[in-house]
Amino acid sequence: MLHRRLGRNGPEVSALGLGCMGMSQSYGSADPAEAVATLDRALELGVTFLDTADIYGPFTNEELVGRSIQGRRERVFLATKCGFVPGAAGSPSRIDGSPEHIRAACDESLRRLGVQTIDLYYLHRVDPRTPIEESVRAMANLIEDGKVRYLGLSEVSGKTLRRATAVHPITAVQSEYSLWTRDPEDGVLPVCRELGVGFVPFSPLGRGFLSGSLRSVDAFGENDFRRDIPRFQPENLGTNLAAVDRFAEIAKRKGHTPAQLALAWLLAQGEDIVPIPGTKRRKYLEENLAAAEIRLAKADLAEIEAAVPKGWAAGNRYSPASQALVDR
Ligand SMILES: NC(=O)c1ccc[n+]([C@@H]2O[C@H](COP(=O)([O-])OP(=O)(O)OC[C@H]3O[C@@H](n4cnc5c(N)ncnc54)[C@H](OP(=O)(O)O)[C@@H]3O)[C@@H](O)[C@H]2O)c1
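Take 20 as the starting number for the sequence shown in this note's numbering and just add one per residue.
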């Protein structure tokens with residue numbers, strides 16, 4: 020497995036990480052045995068970068084990841100996140116980036132993960148009621164306490180990132196980035212590059228859509244997060260399927276799966292990019308990791324750009340409620 024540096028002065032991690040969220044929520048029913056086998060296989064294949072969050076589950080995903088890395092903690096660069104507080108049954112989560120919450124949440128994550136230190140601790144969303152400087156100062160205190168090694172932010176604007184780095188170095192920004200969500204290119208990504216902050220694309224497979232295998236919202240279970248995403252709704256799906264089919268055709272000609280080509284495209288966007296494709300099954304994991312070996316020439320990238328040009332996706336990437344939580 021190839022390695023990449025997270026940020027200009029950050030640590031080295033596997034060029035592809037593993038997103039663990041789907042093992043506990045969002046994309047259909049959980050299969051804990053296959054999830055554990057997937058984590059095992061990921062480590063066996065050289066993945067060192069695991070991504071979880073306290074809100075995944077809620078809380079159970081950190082426990083799952085924690086159990087899986089027991090006895091081999093040193094082989095893993097472990098990222099988790101704080102800032103979301105689950106609502107009472109059925110009600111939406113809220114954001115809390117206050118120093119008190121961050122301190123308490125970190126202790127809880129350490130306990131659930133069963134580790135002494137979190138390698139990369141992200142603020143999952145910016146709390147509009149807490150200045151980012153206060154949140155980052157609280158996170159920096161966790162480094163002084165030896166509870167955390169590096170700091171990250173998720174779904175932040177370039178402006179917020181500048182304010183944050185004035186308080187403490189930020190090692191990575193994690194935001195949605197893929198062939199169908201290229202917003203970071205005109206927002207936070209250039210600022211990351213200027214400041215030497217690494218970039219971790221989440222949902223690099225468009226929540227599975229870029230694999231070409233998701234054809235209808237009816238295939239999703241009742242609690243599947245994608246049911247609420249405008250891009251999967253009937254009024255947008257036809258346009259999006261036509262585009263993903265054009266992309267899949269290119270992948271086929273080159274001897275890759277669409278998921279592999281989508282990841283290879285992301286890796287080709289810069290050495291500072293470390294995607295974290297999510298899966299709860301070994302089959303997809305193995306397929307996805309092979310993407311790290313694919314080298315795309317300029318002509319390949321131009322061909323992809325012509326077939327699925329920036330801005331092709333119909334519909335928003337989030338429902339209005341989820342969009343409202345994103346920093347602008
Ligand atoms: N910071 C944030 O706010 C935020 C938000 C979302 C996600 N994340 C992180 O980013 C990680 C990755 O994002 P994501 O999981 O949302 O989306 P993703 O990686 O774009 O897609 C995951 C979905 O694609 C499917 N899939 C994976 N590989 C496939 C393949 N080769 N062929 C067909 N389908 C495939 C998975 O299926 P199975 O489920 O069946 O394996 C899953 O449903 C998450 O696990 C989480 O750690 C962070």
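Where is the CB? At the ideal position from N, CA and C, for every residue including glycine. Please read all numbers here as calculations on a predicted model, not as lab measurements.
For residue i, three-class secondary structure by DSSP
i: P220; result: strand
i: V104; result: strand
i: S45; result: coil
i: D70; result: strand
i: Q89; result: coil
i: G38; result: strand
i: I189; result: coil
i: E63; result: helix
i: F251; result: helix
i: R113; result: strand
i: T57; result: helix
i: D126; result: helix
i: T79; result: helix
i: A28; result: What sits at residue 28 in the sequence shown is Asn, not Ala. Coil, per DSSP.
i: V207; result: helix
i: Q342; result: helix
i: A332; result: coil
i: T184; result: helix
i: N160; result: helix
i: P277; result: helix
i: E153; result: helix
i: S232; result: coil
i: N242; result: coil
i: D175; result: For clarity, residue 175 is Val in the given sequence; the question names Asp instead. Looking at V175 - three-state DSSP - the assignment turns out to be coil, as it is neither helix nor strand.
i: P147; result: coil
Buried or exposed by the 16-neighbour rule on C-beta atoms within 10 Å, applied to residue i
i: D264; result: exposed
i: S43; result: buried
i: Q135; result: exposed
i: N28; result: exposed
i: N10; result: Residue 10 is absent from the structure shown; the chain starts at 20 and stops at 347.
i: A191; result: buried
i: R148; result: exposed
i: P339; result: exposed
i: R314; result: exposed
i: A34; result: buried
i: G171; result: buried
i: R347; result: exposed
i: S173; result: buried
i: D115; result: buried
i: K317; result: exposed
i: E81; result: buried
i: R234; result: exposed
i: A108; result: exposed
i: E195; result: buried
i: L308; result: buried
i: Q279; result: buried
i: L21; result: exposed
i: D205; result: exposed
i: R144; result: buried
i: A238; result: exposed
i: G38; result: buried
i: G76; result: buried
Per DSSP, the bridge partner or partners of residue i
i: H22; result: S33
i: L12; result: Nothing can be reported for residue 12, as the shown portion of the chain is limited to 20 through 347.
i: S194; result: P220
i: L97; result: L69
i: T200; result: S197
Assumed close pair residue i, residue j - CB separation to whole angstroms, cut-off 8 Å
i: Q193; j: V219; result: 4 Å
i: F266; j: A326; result: 6 Å
i: L198; j: W284; result: 6 Å
i: V216; j: F68; result: That pair is no contact at about 16 Å.
i: I189; j: V167; result: No, I189 and V167 are not in contact; Cβ-Cβ is about 12 Å, not under 8 Å.
i: D73; j: A124; result: 6 Å
i: G334; j: P249; result: 4 Å
i: E153; j: R182; result: The pair is not a contact, with the Cβ atoms about 11 Å apart (cut-off 8 Å).
i: T99; j: L58; result: Rounded, the Cβ-Cβ distance is 14 Å, inconsistent with contact.
i: L224; j: P296; result: 6 Å
i: K299; j: D50; result: 6 Å
i: Y169; j: P30; result: 7 Å
i: F96; j: L142; result: Not confirmed; about 18 Å, so no contact.
i: S48; j: G240; result: 7 Å
i: S230; j: V207; result: That belief does not hold up - the Cβ atoms of S230 and V207 are roughly 26 Å apart, past 8 Å.
i: A56; j: R301; result: 6 Å
i: L286; j: A310; result: 7 Å
Contact test: residue i Cβ vs ligand 2 heavy atom, cutoff 7 Å
i: D70; result: In terms of ligand content, the structure shown lacks ligand 2 and carries ligand 1 instead.
Contact with chain D by residue i, beta-carbon distance below 8 Å
i: L64; result: Of the protein chains in this structure there is only one, and it is not chain D.
Ranges of the alpha helix (DSSP H) found wholly within the region 282-327, counting only runs of at least 4: Entirely contained in the region 282-327, the alpha helix (DSSP H) runs reaching 4 residues are, in chain order, 301-308, 317-326.
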